[in-house]
């Protein structure tokens, strides 16, 4: 069942199903690599293959706390949104919280209010489910993402390094950001 988001440009969230894995893989092979190719020794091959393979997708879809969608606009899939609740990071306790796990959009939809509308949807869902906050992880090397999250009320909380060998060492920094909902 599609979720319609009332925005200037009509957006839809379509739940991802296991049989959608090839479409998900193809979309993220483009969208993820366009944004993050430069941080990987292999242009992102290892990560895209790890996260969007059939087994990982089935595993993520099988978790009750996970909510995984295609973002659609203009009659095409333009990205993905995934959030999990209740869910706290391993690195620091954030009780009664939602994790904004994945929000990736095609570069043609950056700066058009799409991410803001998706965050508003996440906040609404979190509040409806009695979550006190939303948290996310952002790469330290993504200043435009950090500016956006700061603008919509998120604040940095904790920093650590990814131990993925395929990420170039200078790009391993990850920051956990949090937004209190009330």
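Numbering (full-length UniProt numbering), first residue to last: 1 to 182. Cβ coordinates follow ideal geometry from the N, Cα and C atoms, glycine included. Computed from a predicted structure; not experimentally measured.
- Under the rule that a run must span 3 or more residues, the beta strand (DSSP E) segments found entirely inside the stretch 91-117 read 97-105.
- The closest CA to that of residue 5, considering only 66, 19, 31 and 73, is found on 73.
- With a cutoff of 8 Å on beta-carbon distance, residue 15 and residue 68 are scored as near each other.
- In this chain, the beta strand (DSSP E) harbouring residue 69 covers 66-73.
- For residue 160, the enclosing beta strand (DSSP E) begins and ends at 155-161.
- Every unbroken stretch of the beta strand (DSSP E) spanning 3 or more residues and falling wholly within the stretch 4-68 is given here in chain order: 11-15.
- Per DSSP, the continuous alpha helix (DSSP H) segment holding residue 151 begins and ends at 143-151.
- Rounded to whole angstroms, the separation of the alpha carbons of residue 128 and residue 164 is 36 Å.
- Of the candidates 29, 58 and 159, the residue whose Cα lies closest to the Cα of residue 44 is 29.
- Just measuring C-alpha positions, the residue of 131, 59, 32 and 9 sitting nearest residue 17 is 59.
- In this structure, DSSP gives residue 171 a helical state, which the three-state scheme calls helix.
- Here the alpha carbon of residue 97 sits roughly 9 Å from the alpha carbon of residue 180.
- With contacts defined by Cβ atoms closer than 8 Å, residue 77 and residue 27 form a contacting pair.
- Assigned with DSSP and collapsed to three states, residue 127 falls in helix.
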